[in-house]
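Residue numbers (the working numbering): -15 to 214.
Read through the structure below, which is laid out as structure tokens, and then see the notes.
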Amino acid sequence: MKNFLRRLKFYGLGFGIGLVFVFFFFRNRGCTWLPENRVKNTILGKVLVIRDDQKSLLKKQGIDESTIIQFLNDGDVDFGASKKQGNPQVYSISREVNGKTTILWFTLPKDGYISEIRLPEGNIQKAGNSKTGLAEMIYFPKVENMVYLDNNPEFATQRLEVGLNEPKQVLSRLKVDGKIDFEKSHLNLSNLPEHYVLFTNNKGKKIEAVTTWYQEHIQFYEFKINDSIK
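In structure tokens, the structure reads:
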């Protein structure tokens, strides 16, 4: 019995030391159950977008798209300074950039597929979903079948006309120049918030679409072809 208890003691000691190493040295890679990493993983499961005006402000501070991803890899989530309730939730994440501690806000609209990146402004508890401006899609989750195209006959014809008949083709074009039009979006709807998307096909034709997030897919039901924009 004494030998068993001694082995159990050493096992417990080794296990505890292992937990310390995991927590302090690998916490951003190996501990998805930690609250901080759960928040980061949730954000990384969304399409990250930046309004054009915010992008220029971030650029002045030396923050580009790769730097933003680093915030979600090794930045610190300040739960006390975040908006954890309401629509949207907004999380404050800090990280050192060029020798200076910098804070970014990441929104999580309820039942939406985007997370908007902003510099802090005003009271975070009063921060809402943007209602104006265009936002560039800068990051997509590594999900192979993220886009779903409805099979209704009218939409099938539209897809053929613009050369976007397959979901992978649409996702590829979104990655090239996809944007969210906040003025035409309705992110506060309680039932399936609408994201108004702008992008172009391979021939440069402007495509617009109302999209929703359903069962882990960006769902398209029709393409609006804007011939007024060349």
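Glycine included, every Cβ here is placed at the ideal spot set by N, Cα and C.
Cβ of T26 within 8 Å of Cβ of L92? yes
According to the neighbour-count rule (16 or more other Cβ atoms, all chains shown, within 10 Å of its Cβ), is R22 buried or exposed? exposed
Is the CB-CB distance between F124 and M130 below 8 Å? yes
For L155 and Q142, the rounded distance between their alpha carbons: 16 Å
For G96 and R79, the rounded distance between their alpha carbons: 26 Å
CA-to-CA distance, P177 to K168, given in whole angstroms: 12 Å
Kindly list the residues whose CB is nearer than 6 Å to the CB of K152, restricted to its own chain and excluding five residues on each side of it in sequence; keep chain order. none
By DSSP, does F139 sit in helix, in strand, or in coil? helix
So, are the CB atoms of F90 and I98 less than 8 Å apart? no
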